[in-house]
Structure formats: C-alpha cells, structure tokens
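J.: After the structure tokens below, expect a handful of questions from me.
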Amino acid sequence: MNVIIDEACLDTMQSLLGEQFSDTLVFCISEFERLEREVREALPVDIEAATRNAHSLKSNAAQFGAMSLSDSAREVEMLLLQGDVDSAKEALGSLSQQVIGSTTKLQQWLMANA
C-alpha cells in the first residue's frame, strides 16, 4: 500500500488557518476515521448514505493532502454510484488501510511541522 500525502496542501492549509491549523487537522483526521466507519456500517443497507460518506471522505482527504486516501474513497464512491456494491465492499479493505496510513503520516507531519 502506497500512502501519498501532498505536503504542499498541508502548507497551504496551515498558512490559511494559522494557529487553528493543528486543531483543524486533528479534527479532520478523526473525521477520516468516522466517515470510513460510516461507509462500512451503511453497506449494504443504505447505499445513499454510504455514497455520501465516501464522497465527504474523498473531499476532506484531498483538502488536507491525503491524496491516496482521496483516491480510495473516490473508487468506493464511483462503484456505489454504478450500483456495484460487491466491488465497493471489496474496495473497503484498501480504504481502511489508507485511513490508517494517512492518519499516521499526517500525525507525523503535524508533530514535525506544528
């Protein structure tokens, strides 16, 4: 698994948010975990909620530079939009690993740059 963090996104967000950046990034990391869990729990019962949460995860991850996580969430979202629930369930393994890997890398970046 390759975890890609675009540090330029983090630098941009840090300059925009100033002293609120650290708290915002910590909150965002917790949102990654929550949204991934909600995608997993919604399947296969509530496809609309799973799709919405995958979309939110995709957007939040991209905004904070977690590019590979955003890509994994996009894959799940697209599969759900196409009605391919079985493939979306299979893609959840990769999504979960990306949440773990991205969270670790973002926390390391925060400790080194905050």
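With the UniProt record's numbering as the guide, the letters of the sequence shown map in order to residues 1 to 114.
Idealized CB from N, CA, C, for every residue including glycine.
Which of helix, strand or coil does DSSP assign to I100?
T.: Looking at I100 - three-state DSSP - the assignment turns out to be helix.
J.: Let me know if residue 116 comes out buried or exposed under the rule of 16 or more other beta-carbons within 10 Å of its beta-carbon.
T.: For residue 116 there is no data in the structure shown, the boundaries of the chain being 1 and 114.
J.: Just grab the DSSP bridge partners of I5 for me.
T.: Answer by DSSP bridge pairing, in chain order: A66.
J.: Which residue wins for smallest C-alpha separation from D48, given the options E31, G83, A61?
T.: First, the residue type needs correcting, since residue 48 is Glu and not Asp in the sequence shown. The residue with the shortest Cα to Cα distance from E48 is G83.
J.: Which one of R52, E36, A66 has the shortest CA to CA distance from S96?
T.: Closest by alpha carbon: E36.
J.: Mind checking whether N60 and A42 have CB atoms under 8 Å apart?
T.: No, the Cβ-Cβ distance between N60 and A42 is not below 8 Å.
J.: Which whole-angstrom value describes the C-beta separation of I32 and S102, a residue pair presumed to lie in contact below a C-beta threshold of 8 Å?
T.: A small fix is needed here, since residue 32 is Phe in this sequence, not Ile. Yes, they are in contact, since the Cβ atoms of F32 and S102 sit about 7 Å apart, within 8 Å.
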